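Okay, so the sequence shown: first residue is 913 according to our numbering, each after it adds one.
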Amino acid sequence: MVSVETHRELYATLMESQFWARKEIEKFQHKRLERLLNHARNYAPFYKDRLDVAFDAKGSLDWSRWRDIPILTRQDLGSHGAEMESSALPMGHGDKIRSTTSGSTGIAITAVASTYANAVSRVMSFRGQSWHGADWSKDVLFYMEQTPAGAWPNVEVGPPWGPIWLPHATGRFLRLNGDTPPARVIDVIAERDEIHYLSCRAKVAQVLALESLRAGRGVNLDGVFAFSTATYDDERKDIHQAFGAKVVSFYSSKEGHLMAYQCPEHSHLHISEELVLVELLDDQGRPVPRGAVGNVVVTNLINWAQPLIRYWHGDLAIEGERCSCGRTLRVLEKIVGRESDIFRFPDGTTVALGVPNGFKAEFNIKTWQVAQVGPLALEVRYAPIIHDQPLDGPALVAALRSMTHPDVEISFKQSNSFLPADGRKFTEYVNETSLAAQDM
Ligand SMILES: [Zn+2]
């Protein structure tokens, strides 16, 4: 167990460190990395020799050689995860906690975290919630697939979700299983006045929003904490329309923990630099300039239970300029999406499709999924807003070609909905031709 006092102290530190000078943050990260790498070399067999390239003859970490450390892939984690586990943890790091995830690409991995690393991640989320004025005396409803508990009509009631040292943080953490149909989730929110927040993937919150609008069943929420790769404008718009709620994006995963979350003043994210080092690299492993799309490579500084050093996360993101809000933490201007969301064409061009706000409605499309089904073929699976109104195919083909590839063939398939029927993962843009390759 990590004590209440430790939680409180961590929080106080994080509220200060968000304004540290860049030099100070970098110094902090280097110090943490050196300790992490030394621990990994000594206690995790996988890293026994792997990190030698970054150490000098005296045994000190040579920061200039950081990029010589090989990248760690999801496949590495899948096949050597056990060897990455530490055989011992220092006092204060607590126990090891295991969680298994299949991810969108299908390779099952088991991530191991220390109790302490989880506590730091939790306190990190408190900071994010505080930025957006969360009222910790109200309840939050958590709706995600990996929770077996909370099978409707039962709602699992957990402990308070806010900072445990604050007397007024009495709001409860309620959980509903991801198999619960959206209409039932709306019922649960409607029946309980004390639920002010929803915590789920942005796409899932949008499904709930559309269901609420369709059924004419209005419910009010103060906020939606969206745990996802990226949050799209149309998701924010539908969620706001249905619930009057602001969407606050949190970028997190089992491997990286809470990596970034939304700035209080802008829609971009600040990296949780006290917790993770995020690198944005091109396909050859070189850093990309600010403003360019790069592959997210993450190193969690705090989790010594299973150090993941330079882990290729499988997402693409763009780093932004320093934020005007006063926080010095690096900015992720945009998370473009998963690698598996990217269309790749035979001439080498790659496209992360995203359509402007209102684009789908203009074409009478309520929900859709655009899939790359061949080297030069896209399939648009869509549910219309008005059913007896024909789709303006030629105009949509022209628009999509201008955003993807001029020679791409585009076919259409109509259905009632292409949103997930429940709280599961869903990608609006998916490359079905190279998913196997993406697992590498
Ligand atoms: Zn900011």
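Backbone N, C-alpha and C define an ideal beta-carbon position, used for all residues, glycine too. Predicted model, so just to flag it, every value in this text is computed and none were measured.
When secondary structure is reduced to three states using DSSP, residue 1238 falls in the coil class, being assigned neither helix nor strand. The beta strand (DSSP E) runs lying completely inside the region 1124-1165 and spanning 3 residues or more are 1135-1139, 1158-1165, given in chain order. For residue 1007, same chain residues with a beta-carbon under 6 angstroms away, outside a window of 5 residues either side, are 1027 in chain order. Boundaries of the alpha helix (DSSP H) around residue 1040: 1027-1043. Counting along the chain, the unbroken alpha helix (DSSP H) around residue 918 starts and ends at 916-929.
Separation of residue 1234 and residue 1203 (C-alpha to C-alpha, rounded to the nearest whole angstrom) is 12 angstroms. In the displayed model, residue 1111 falls within a strand according to three-state DSSP.
Between residue 1048 and residue 919, the C-beta gap is not smaller than 8 angstroms, which leaves the two residues out of contact. For residue 986, same chain residues with a beta-carbon under 6 angstroms away, outside a window of 5 residues either side, are 1019 in chain order.
Under the three-state reduction of DSSP output, residue 1076 falls in the coil class, being neither helix nor strand. Membership of residue 1173 in any alpha helix (DSSP H) is not indicated; the residue belongs instead to the beta strand (DSSP E) covering 1169-1174. The Cβ-Cβ distance between residue 1281 and residue 1293 falls below 8 angstroms. Closest option to residue 1258, judged by alpha-carbon separation, among 1268, 1284, 1125: 1284.
Just so you know, the alpha carbons of residue 966 and residue 1160 end up roughly 38 angstroms apart. A distance criterion of 7 angstroms places the beta-carbon of residue 1299 beyond contact range of ligand 1, judged by its closest non-hydrogen atom. At a threshold of 7 angstroms, residue 1231 does not count as near ligand 1, since its beta carbon sits no closer than that to any of the ligand's heavy atoms. With a beta-carbon spacing of about 5 angstroms, residue 1255 and residue 1263 fall inside the 8 angstroms limit used to define contacts. In the DSSP secondary-structure assignment, residue 1325 is bridged to 1293. Here the alpha carbons of residue 971 and residue 1138 stand approximately 42 angstroms from one another. Boundaries of the alpha helix (DSSP H) harbouring residue 1101: 1094-1103, taken from the DSSP string.
For residue 1239, the Cβ falls inside the 7 angstroms cut-off from some heavy atom of ligand 1. For the beta strand (DSSP E) assignment, the uninterrupted runs of no fewer than 3 residues enclosed by the region 1203-1283 are, from N- to C-terminal side, 1205-1212, 1223-1231, 1243-1250. A heavy atom of ligand 1 is found nearer than 7 angstroms to the CB of residue 1182.
The beta carbons of residue 1055 and residue 1090 sit closer together than 8 angstroms. A direct Cα-Cα distance of roughly 18 angstroms separates residue 1156 from residue 1041.
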